[in-house]
Amino acid sequence: MINTATDPAATSTAPAAPVPRALRWAAWVLATLVCLLVFGMYTAPDFMVMLADQMWACF
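Under my numbering, the first residue of the sequence shown is numbered 701, with each subsequent residue one higher.
Okay, here's the thing in structure tokens:
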């Protein structure tokens, strides 16, 4: 006899629902755009100095 209270393999869990392809595609596009925006900000030295000054002002 299998004791389901102590045997984790005996309990059944429902499989997770698959993520729709369009949602997964949209998440990748969003992540790519965010990365491009962040990398693009490094080309603006004035912005980076301002950001560093603001971060330093927090301390």
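Even for Gly, the Cβ is constructed at its ideal location relative to N, Cα and C.
Apart from the 5 residues on each side of it in sequence, residue 748 sits with its Cβ closer than 8 Å to the Cβ of 741, 742 in its chain, given in chain order.
Rounded to the nearest whole angstrom, the CA to CA distance from residue 719 to residue 727 is 11 Å.
Distance from the CA atom of residue 734 to the CA atom of residue 722, rounded to whole angstroms, is 18 Å.
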